[in-house]
Amino acid sequence: MSYIEFHDVVKRFGDNTVLDHINFGIEKGDLVTLLGPSGCGKSTLLRCLSGLEQVSEGSIILDGTDITNVPASKRNIGMVFQQYSLFPNMTVEQNIAFGLKMQKAPADVIEKKVRDAIAMVELSGKEQAYPANLSGGQQQRAALARSIVTEPSVLLLDEPLSAIDAKLRKALQARIREIQQELGLTTIFVTHDQDEAMVMSDVIQLFHAGRIEQAGSPVEVYTKPVSEFAASFIGSYNQMSREEFRTMTGEVVPAGNIVAIRPETIGIFGELPEVDGEGFVLKGTVEGSIPRGNVLRYTVRIGQTRLRVDALFRSFHMFDIGDEVFLFIPEHDCLRIPAVA
Amino acid sequence: MSKKARTAGDKGAKTPLAAKIFLGVVALYLLIPFATTFVYSLFVEWTDVLPSGFTLRNYTELFTNATFWLSIGRTLILCLVSVIITIALLLLAMYVVVAVNRKLGRFMQFACMIPYALQGVILSIGIISLYTGTGTLLSNRMVMLFGAYTILVLPYIYQGIRNALNAIDAEMLIQAAEMLGCGRFRAYVQVVLPNIISGILVSSLLAESIVFGDFVLANNIAGTNYQNIQVFLQANMDRSSGLSSAIVVIIFLVVGAVTATVLKLQSGTQKSQKE
């Protein structure tokens, strides 16, 4: 039995079914990411767990207790919102103390816990500042401190970093993960950013159109997508029909499948390579290259098929547009995935 | 003191000269009617090219007139009571909209906009014909008058409260408080209300000026039974134009004093949030 369990959870808004029979469990102390595009139902599921939305059908169990009909304020679940939602008329200290006051904790306990929480999110010196005088990152850290100081049984994070610039986001991702592991806090993180999900999660639940498309560790979800959607959403897989793949490689793919290949598994060479292991060596022409941080993404045309190929960005080893190149695609990296019917 | 508060406090220091001159000219222009009315109220007689002399007679007459003071007092009471009742009712109604059922917001907006469309004459005649002779508390002219003012100021205060609630995203704040173990109504009172006081105060200023300027409702519903300042002004218009000017000057000063007090309260609430 898991710490949190969703049993056949359905949520409808009018005729629109946003969550369609969701079933899964979350283990205590795990950080689980609900990943998916906008409108896939991930935030709605989080809000159902928080109590801010009522489920239409099904039940939610937390630590053995059915909380489906328990009001949000009685669930002891912490939540950090995308828009920070700090109380503008209260200082950082007062914001963080708010939940403890609701629990009627003694003043000395409140003082100590608030001090510890402020230190934990590295906001010391900002105790008396009002939210309007804090940067986005500081506000989000204050919101995080406010949610964890009450020692909730679960922490929910609803796209908490989406309004923060890239560099700070990376630092906050790491800090949230550290704090979560330090406290052993069962945490559910909602994001549409696959990189963020990879970095932070113990388990990823990939959502698509109100259903869970795939669940597993970040490595599993990344390397073994089970559907066309999973392959397109994670890892920017090259996807091709069985006919395209056969034309390109001569290999026959079982009916009802497509082939997906991650760009970084494909080797790119200026001359015919000597390769180990089974795979396909193909000749193609470079049609484009885009630097993406530490990798260069080439577009290589083979016959009528275009493949994305990632290579480490090393200036002494680059191909120009129009160059003839050889690609090596290892057989075991050509994933056969059921095609959408 | 925070950086933001300091900037706000020093903003006058950095205003360019041209802007100052421009603002000064506009302020002077706006003050012309008031200044001329004031000067006119000080003249003894003005039937020739120049007035025959200056006097404070109009003011001493007004200041020693109990009816005048009563009408000012009544207007202030009408203003205060109707504004407070409207604010209280709207805050409760908006709680339902924000925390219980958002869809009622459209209905609220429609209901609160109706008084805009009602002319004072129509409103007062309608109220009188509807409630007179019903034998209930509502048939009391005083109750009618206070009720009519409550309706009159409804749209202004509604707009102010609604804008303030939208500006702070009240729904989200209540949800955040709920997740911290706070009940919805308590969250509304403890978290939302302190953040919209400033907006409520500004909208109550608008309401105040509407009530102070009203003649039709007060005259039609209460008449001389509960004479407000405009009815008093009307009654004295024929006596002396100097006296009328003095009444207008005093109305202006009273409204100015109320406005200054409310603005001071408002800046106080904003300051305590920023510092």
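Line by line, the protein sequences are chains A and B.
Per this note's numbering, residue 59 is the first one in the first sequence, and the count goes up by one each step.
Per this note's numbering, residue 6 is the first one in the second sequence, and the count goes up by one each step.
Ideal placement from N, C-alpha and C gives every residue a C-beta, glycine not left out.
Everything numeric in this text was worked out from a predicted model, so none of it was measured.
Here's the rule I'm using: 16 or more other beta-carbon atoms within 10 Å means buried, otherwise exposed. How should Gln362(A) be labelled?
Reading the first sequence from its first residue, position 304 is the one you call residue 362(A). Exposed, since its Cβ has fewer than 16 Cβ neighbours within 10 Å.
Tell me whether the beta-carbon of Leu226(A) lies closer than 7 Å to the beta-carbon of Gly274(A).
Here the question's residue 226(A) lines up with position 168 in the first sequence. Here the question's residue 274(A) lines up with position 216 in the first sequence. Cβ distance not < 7 Å, so Leu226(A) and Gly274(A) don't count as in contact.
Inter-residue spacing [alpha-carbon to alpha-carbon] between Pro18(A) and Arg107(B):
Residue 18(A) lies beyond the residue range present for chain A, which begins at 59 and ends at 399; the question has no answer from this structure.
Please classify Gly136(A): is it buried, with 16 or more other beta-carbons within 10 angstroms of its beta-carbon, or exposed?
As a position in the first sequence, residue 136(A) is number 78, starting the count at 1. Buried is the call here.
For Cys187(B), which residues in chain A fall below 7 Å Cβ to Cβ?
Here residue 187(B) corresponds to residue number 182 of the second sequence, with the count starting at 1. In chain order: Ser131 and Met160.
At least three beta-carbon pairs within less than 8 Å, the region 150–166 of chain B to the region 85–103 of chain B:
Contact between the region 150–166 of chain B and the region 85–103 of chain B is present, because at least three Cβ pairs lie under 8 Å.
Give the residues from the region 158–178 of chain B that approach chain A closer than 9 Å (Cβ to any Cβ), ordered along the chain.
So the close ones are Ile173, Asp174, Met177 and Leu178.
I'd like the span of the alpha helix (DSSP H) that includes Leu33(B), first residue to last.
In the second sequence, the residue the question calls residue 33(B) occupies position 28. Residues Leu22 to Leu47.
For Leu28(B), count neighbouring C-beta atoms within 10 Å of its own C-beta (all shown protein chains included) and say buried if the count is 16 or more, exposed if not.
Within the second sequence, numbered from 1, the residue matching residue 28(B) stands at position 23. Exposed, since its Cβ has fewer than 16 Cβ neighbours within 10 Å.
7 Å is my cut-off, CB to CB: does Asn74(A) come that close to chain B?
Mapped onto the first sequence, residue 74(A) falls at position 16. No, because no Cβ of chain B sits closer than 7 Å to the Cβ of Asn74(A).
Report the rounded CA-to-CA distance for Lys162(A) versus Val207(A), giving the unit in angstroms.
To locate residue 162(A), count along the first sequence from 1; it is residue 104. To locate residue 207(A), count along the first sequence from 1; it is residue 149. Cα to Cα, the separation comes out at about 13 Å.
Between the region 217–233 of chain A and the region 242–250 of chain A, do at least 3 Cβ pairs fall closer than 8 Å?
Three or more Cβ pairs closer than 8 Å define a contact, and the region 217–233 of chain A meets that threshold against the region 242–250 of chain A.
Spatial neighbours of Ala251(B) within its chain, please: C-beta separation below 7 Å, excluding the five flanking residues on both sides.
To locate residue 251(B), count along the second sequence from 1; it is residue 246. The residues are Ser46, Asn63, Tyr64 and Leu67.
Bridge partners for Ser117(A) per DSSP, in chain order?
By 1-based counting over the first sequence, the position of residue 117(A) is 59. In the DSSP output, where bridge partners are listed per residue, Ser117(A) has His65(A).
Pick from Thr229(B), Ser249(B), Leu258(B) and Thr42(B) that is closest to Arg146(B), judged by C-alpha positions
Against the second sequence, residue 146(B) aligns to sequence position 141. It is Thr229(B).
Contact under 7 Å by Cβ, Ser76(B) with Ile234(B):
The residue given as residue 76(B) occupies position 71 in the second sequence. The residue given as residue 234(B) occupies position 229 in the second sequence. Contact annotation: Ser76(B) and Ile234(B) have beta-carbon atoms nearer than 7 Å.
Closest Cα partner of Glu286(A) within the set Lys170(A), Asn315(A) and Thr245(A)
Your numbering for residue 286(A) matches position 228 in the first sequence. Comparing Cα-Cα distances from Glu286(A) to each of Lys170(A), Asn315(A) and Thr245(A), the minimum goes to Asn315(A).
Just grab the DSSP bridge partners of Pro411(A) for me.
Examination of residue 411(A) is not possible in this model, given that chain A is present from 59 through 399 alone.
Against chain B: residues of the region 99–122 of chain A by CB proximity under 7 Å
Answer set for the region 99–122 of chain A: Ser108 and Leu110.
Would you say Gln180(B) faces chain A, with C-beta separation under 7 Å as the test?
Taking the first residue of the second sequence as position 1, residue 180(B) is located at position 175. Yes, contact with chain A.
Only counting the same chain, and skipping five residues up and downstream in sequence, which positions put a Cβ closer than 8 Å to that of Ser108(A)?
To locate residue 108(A), count along the first sequence from 1; it is residue 50. The residues are Ala130, Arg133, Ile135, Met137 and Leu214.
Inspect the CB distances between the region 113–121 of chain A and the region 176–191 of chain A and report whether three or more fall short of 8 Å.
No, the region 113–121 of chain A is not in contact with the region 176–191 of chain A.
Chain A within 7 Å of Asn5(B), Cβ atoms only:
In the structure as shown, chain B begins at 6 and stops at 280. Residue 5(B) is therefore absent and cannot be evaluated.
Per-residue DSSP class, three states only, for Ile387(A):
Start at 1 with the first residue of the first sequence, and residue 387(A) comes out as number 329. In this structure, DSSP gives Ile387(A) an extended state, which the three-state scheme calls strand.
Separation of Ile387(A) from Asp334(A), as counted between CA atoms:
In the first sequence, residue 334(A) corresponds to position 276, counting from 1. In the first sequence, residue 387(A) corresponds to position 329, counting from 1. Using only the alpha carbons, I get a separation of about 11 Å.
Tell me, please, whether the region 196–216 of chain B touches the region 163–181 of chain B by the rule of three or more beta-carbon pairs shorter than 8 Å.
The region 196–216 of chain B is in contact with the region 163–181 of chain B.
Specify the secondary structure class of Val279(A) as computed by DSSP and reduced to three states.
As a first step, residue 279(A) is located in the first sequence; it is residue number 221 there, counting from the start. If DSSP states are grouped into helix, strand and coil, Val279(A) belongs with the helices.
Using a beta-carbon distance cut-off of less than 7 Å, what residues from the region 147–173 of chain A approach chain B?
Within the region 147–173 of chain A, Asn147, Phe156, Gly157, Met160 and Gln161 place their CB atoms closer than 7 Å to a CB of chain B, listed in sequence order.
Chain-order list of residues whose beta-carbon lies under 8 Å from that of Gln197(A) (same chain, five-residue window excluded)
By one-based count along the first sequence, residue 197(A) stands at place 139. For Gln197(A), where only same-chain residues beyond five positions count, the Cβ hits under 8 Å are Tyr142, Leu144 and Pro189.
Tell me the DSSP bridge mates of Pro396(A)?
For the purposes of this step, residue 396(A) is identified with residue 338 of the first sequence, where counting begins at 1. Pro396(A) pairs with Asn315(A).
Starting from the beta carbon of Met184(B), find every residue of chain A whose beta carbon is closer than 7 Å, and list them in chain order.
One-based indexing of the second sequence puts residue 184(B) at position 179. Correct list: Ser108, Ala130, Ile135, Gly136 and Met137.
Could you give the DSSP three-state label for Lys170(A): helix, strand or coil?
Position 112 of the first sequence holds residue 170(A). If DSSP states are grouped into helix, strand and coil, Lys170(A) belongs with the helices.
For the region 299–321 of chain A, enumerate the residues whose C-beta is nearer than 8 Å to any C-beta of chain B, in chain order.
For the region 299–321 of chain A, which is checked against every Cβ of chain B, not one residue is closer than 8 Å.
Outcome for Asn153(A) when other beta-carbon atoms lying within 10 angstroms are tallied against a minimum of 16
On the first sequence, position 95 is the one that residue 153(A) refers to. A residue is called buried when at least 16 other Cβ atoms come within 10 angstroms of its Cβ; Asn153(A) meets this threshold and is buried.
Can you round the beta-carbon distance between Ser214(B) and Val148(B) to whole angstroms, since I take them to be within the 8 Å contact cut?
Position 209 of the second sequence, counted from the first residue, corresponds to residue 214(B). Position 143 of the second sequence, counted from the first residue, corresponds to residue 148(B). Not a contact, Cβ separation roughly 24 Å.
According to the neighbour-count rule (16 or more other Cβ atoms, all chains shown, within 10 Å of its Cβ), is Glu183(B) buried or exposed?
Locating residue 183(B) in the second sequence gives position 178, counting from the first residue. So Glu183(B) ends up on the buried side.
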